[in-house]
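These notes concern the structure reproduced below.
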Amino acid sequence: MYAIVKDGAITATGNIKQLFPNTSFAGGTANTDFKTAEGVMDIVQGEQKDRQYYFVTESDIALVDGVPTQQYTNTAKRLNDEDAKDKDGNQLYVQVWDADKEEMVDSSEKLVNQGLKTPMTAQVKDTANKLLASTDWMVIRKYERDVAIPSATATYRAAVITECARLETAITNASDVDALAEVMQGQNWPKED
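Encoded structure:
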């Protein structure tokens, strides 16, 4: 995408054919001299934060330091769970089928809008479970037949559990989305020997 910049303002945006519909170019592309003479500049992309942690919406194209820039609004996603409410602020509940009434009715379970911390904690626990799964049989063997767990395996399992606990605590203590992203990017799972 391109923008035509005249007198410090963007006057039009689009591709070259849209901006100059009645002009043909050798090789089908406008050369640098033509673009410079007509004030045509490439539109650069503004900051887009990680969509796992932010809602990113496209805004206007604006001049930033003389460069046409596609702007984005980055809105942090909710960190913590919160009760789901209707437009009047009333608590919403999980709906269940009532066969006697032949309709959906509220249960006693509150409907909750999950924040980022809930799925991130679940992800960390899932990773720990997957890392431990390959040696779970040794724990069962120890319990059922009192066969010793090799010390390297016991050390590895303890390190996995320690890292999981560290991450869960760090996720809980994250004060904002950027802190949570830093926690998730700083995972340091042990390697199995």
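In the working numbering, the protein residues as written are 650 to 842.
Just so you know, even glycine gets a beta-carbon here, dropped at the ideal spot from N, CA and C.
In the DSSP assignment, Thr672 falls outside any alpha helix (DSSP H) and carries neither an H nor an E. In the DSSP annotation of this structure, the continuous segment of the beta strand (DSSP E) that includes Glu758 starts and ends at 752-759.
In the three-state reduction of the DSSP assignment, Lys774 falls in the helix class, which pools H, G and I. Within the DSSP secondary-structure output, Gln744 pairs in a beta bridge with Asp755. From the listed residues Gln701, Asp714, Thr724, Met753, the smallest Cα separation to Ser708 is found for Thr724. The Cβ atoms of Gln701 and Tyr721 lie no closer than 7 Å to each other.
Listed in chain order, the non-local C-beta contacts of Ile665 below 8 Å within the same chain comprise Tyr651, Phe674, Thr678, Ala679, Val689, local neighbours out to five positions each way being set aside.
Excluding five sequence positions before and after Asp755, the CB atoms of its chain that fall closer than 6 Å to its own CB belong to Tyr742, given in chain order.
Under the three-state reduction of DSSP output, Leu816 falls in the helix class. Only residues of its own chain outside the window of five on either side were considered, and among them none has a CB closer than 7 Å to the CB of Gly715.
Excluding residues up to 5 positions away in sequence, Val761, Asn762, Gln763, Gly764, Lys766, Thr767 lie with their Cβ nearer than 8 Å to the Cβ of Asp730 in the same chain.
Distances from the CA of Phe669 to each of Glu752, Ile653, Asp735, Asp737 were compared; the closest alpha carbon is that of Ile653.
In the DSSP annotation of this structure, the continuous segment of the alpha helix (DSSP H) that includes Met787 starts and ends at 785-794. Straight across, the Cα-Cα distance linking Val832 with Lys759 is about 29 Å. As a beta-bridge residue in DSSP terms, Leu712 pairs with Pro717. For Arg815, the closest C-alpha among the options Ala803, Val796, Asp785, Lys774 is that of Lys774.
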